Structures are given as C-alpha cells and as structure tokens.
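Numbering follows the numbering used here, in which position 252 of the sequence shown is assigned residue number 517; successive positions increment by one, without gaps. In this text, a Cβ means the ideal position worked out from N, Cα and C, and glycines have one as well. These figures come from a predicted structure and were not determined experimentally. Heads up, the thing below is written out as structure tokens.
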Amino acid sequence: MPATIIDGKALGAKVREEVTASVAELGHVGLATILVGDDPASHIYIDLKQKAATEAGMEARDLKLPADMSEEDLLATIAEVNADNGVDGLLVQLPLPDHIDETRVIEAIAPAKDVDGIHPINAGRLYLGRPTLVPGTPLGIMRMLDEYQIQLEGARAVVVGRSAIVGKPMAHLLLQRNATVTVCHSRTKDLARHTLDADVLVAAVGRLHLISPDMVRAGATVIDVGMNRDGSSRRVLGDVDPGAMERAAYMTPVPGGVGPMTIAMVLQNTVTAARLRKPAGVATAKN
Ligand code: NAP
C-alpha cells in the first residue's frame, strides 16, 4: 500500500490560521525582514514571508537593501530593528553577499527577536534542551510528525544532513523527544546502511533523489526537506525518489510538504517572540 501523504500545505494553512487568531488576540505583532542584494530565489522567499505575515494580520516591514552596502551599515540597521518596540521578529535572509561576514550579522540579531532561530544563544538553548526559538523547517517537521501521530519515543531516527538551519536542530528536536538519533553527512560511509535502519528518516541534503526507494525501510516515515531544481523541467523535486512512497508508511511530497510548513512556523515563532516580549499575563497564554 502506498504511503499516507503528509500534507504540509493543509497543515501549514492550519498553523497560519492559528497564528492569525493569536495576532488578533495580541493586538499587534511585527515582523521585519532584511534582504541584501538581488538574488532572485531570496527575493521569492522574502516576498512569500512578507505576504504570509500580512495575511496573518502582522505588521510586516520589508527592508530591501543594496548588494554593495557595507557590513557596518547592515549591522547598524539590525541594531535599529533590535531596538524598535514595534518589531517582535527579525529575519535576515541568507546567503549574504560575500563581503559581509555572516557570523557577525547573525550574532547581531537580538536573540529574543531571532525568529529563524540561528543566533548562537538560541542554538545553544536548543542544544541544552531548553525552550527557545527554533528554526522553522525542523520545527515544522516536528509539528507534522505530531499531527500524524508518528511515534518518536524509542524510534530510530536518521537525519541526513547536518546544516545549522535544518539537520542539526532537527537531530536535537528528535533527541528531545526520546528518539535514538543518527546524523549522516557527506562523509558518511554506506549511507544506505543507516537509512535502512530508520523508523523516521529526514533527508535534508539538496541532492536530487539521493535517497532511492531501496534505501527506505518498509513502514518508515519519510520527511523530504530537499528542494532541487530538475534540469530540464525546472520543477522542484526532493532528495527522496518518489518511488519510496511504495515502501514508506508516511511520506511528505515535494512540493507541498515541508516547504509550506517552514513559512508557517516562522510566523508562529514571531507570535512566540511577541508573547515573550509582552507582560507576564499574556506571555503565559497558549502558543
Ligand atoms: P546544506 O547547508 O547545503 O547542507 C547539506 C547537508 O547535506 C550537509 O550537511 C552535507 O554534508 C550533506 N550532504 C551533502 N551531500 C551528501 C551526500 N551525498 N550524502 C549525505 N549527506 C550529504 O543544505 P540545507 O540548508 O540543510 O538544505 C538542504 C536541502 O533542504 C536543500 O535542498 C534546501 O534547498 C532544502 N531546504 C528546504 C527548506 C524547505 O522549507 N523546504 C528549508 C531549508 C532547506 P557535509 O556537512 O558533510 O557537507
């Protein structure tokens, strides 16, 4: 029997409805995005986030800055947004132009407004298992796993990819939920040996159909984070060969899986950041 499809589009819409209700309850929630330069893909991502934030009733500030701006000017802009009481969440679209030090920029973002969860303080809190702002993609994956009631406690989870924005936070979130976690990467020997052991397999690599059907354990839950452009059709395709649907019990499609969840969770993080910045009575409310 083919896998049950984990519908990220529908669940993402549900999360966005929840966020809209929270924004209405809070009265005002502000998200600022910073984009430096002209990278077309980055423009698309920022415009999607801006549109989603506005639709959820947030005040969305769209700072589009020139590619040749200096690092000092960017840091000064971030400091201004950090100090701005009308902004609850700030995200800086990566990658940045080569002349700008990404590490310095990330560390300049106020951790309490870091809705991408990339500041070392937030990454460190996640590492320690403390509540914090977590990157949207792994957070969205956890929500999908919970929504489909995938057993995590005691499960063997294999994460392929160890980036700071997906693979590593994913591994920590699964570990927090008492899965037994293996992290694979480009130097892993005999990848299939690991993936075949996975009850829950998360592929976050960026290599078209790296995971073939015979690398998937029968009955596994498969989460495909990859977004790869097919050379001829220009369609977006995943890291997992769709043939794996015949072996998996649950699987995310590409597109329509992890992607729509990521944006929804960035909005949810903005609500979380807003609640943490409001008076105690509000901060203890749900979400
Ligand atoms: P990344 O920073 O490039 O990391 C890729 C990871 O894959 C690295 O850890 C790398 O290992 C590992 N890797 C590369 N080749 C491998 C191989 N042959 N076998 C095993 N591991 C291998 O990428 P990322 O930012 O995590 O993104 C991964 C993919 O997810 C991309 O396609 C990206 O577009 C997509 N993505 C989607 C969303 C979404 O919302 N749907 C969000 C974020 C990312 P090393 O560390 O050893 O180099």
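Nearest residue (CA-CA) to residue i, options the options
i       : options                            : result
Pro-362 : Thr-397, Leu-466, Asp-304, Asn-387 : Asp-304
Ala-275 : Leu-300, Ala-457, Val-523          : Val-523
Met-510 : Lys-316, Ala-469, Asp-479, Met-526 : Asp-479
Ala-444 : Asp-455, Glu-418, Gly-426          : Glu-418
Ala-332 : Asn-347, Asp-312, Leu-339, Val-301 : Val-301
Asn-387 : Gly-351, Ala-429, Met-323          : Ala-429
Asp-495 : Leu-473, Pro-507, Tyr-413, Arg-390 : Leu-473
Ile-270 : Glu-345, Gly-521, Lys-543, Tyr-515 : Tyr-515
Residue i CB to nearest heavy atom of the ligand NAP below 6 Å
i       : result
Val-431 : yes
Val-585 : Within the shown structure, residues of the chain are numbered from 266 to 552, placing residue 585 beyond reach of any answer.
Arg-427 : yes
His-450 : yes
Thr-527 : yes
Met-407 : no
Val-446 : no
Gly-491 : yes
Gly-292 : no
Val-624 : No information on residue 624 is available, as it lies outside the stretch 266 to 552 that the chain covers here.
Ala-469 : yes
Thr-402 : yes
Per-residue DSSP class, three states only, for residue i
i       : result
Glu-336 : helix
Arg-512 : coil
Ile-271 : coil
Asn-443 : coil
Lys-543 : coil
Val-505 : strand
Asp-312 : helix
Ile-299 : strand
Arg-395 : coil
Asp-363 : coil
Val-284 : helix
Gly-354 : strand
Lys-454 : coil
Between the CA atoms of residue j and residue i - distance to the nearest angstrom
i       : j       : result
Thr-486 : Ala-420 : 11 Å
His-293 : Asn-534 : 14 Å
Ala-377 : Ile-406 : 22 Å
Ala-513 : Gly-484 : 5 Å
Lys-329 : Val-288 : 25 Å
Tyr-310 : Asn-493 : 15 Å
Asp-272 : Val-370 : 35 Å
Arg-395 : Asp-379 : 16 Å
Leu-339 : Thr-285 : 31 Å
Val-490 : Met-266 : 23 Å
Val-536 : Asp-353 : 8 Å
Sequence-distant residues of the same chain with beta carbon closer than 6 Å to residue i, five excluded per side
i       : result
Gly-382 : Leu-398, Val-399, Pro-400
Val-467 : Val-424, Met-435, Ile-488
Close beta carbons around residue i, own chain, < 7 Å, minus the five adjacent residues each side
i       : result
Ala-463 : Arg-421, Ala-422, Val-423, Arg-482, Ala-485
Ala-550 : The pLDDT assigned to Ala-550 is 44, lower than 50, so where the model puts this residue is not dependable; a value taken from the coordinates is nonetheless given after this. So the list reads Arg-540, once near-sequence residues are dropped.
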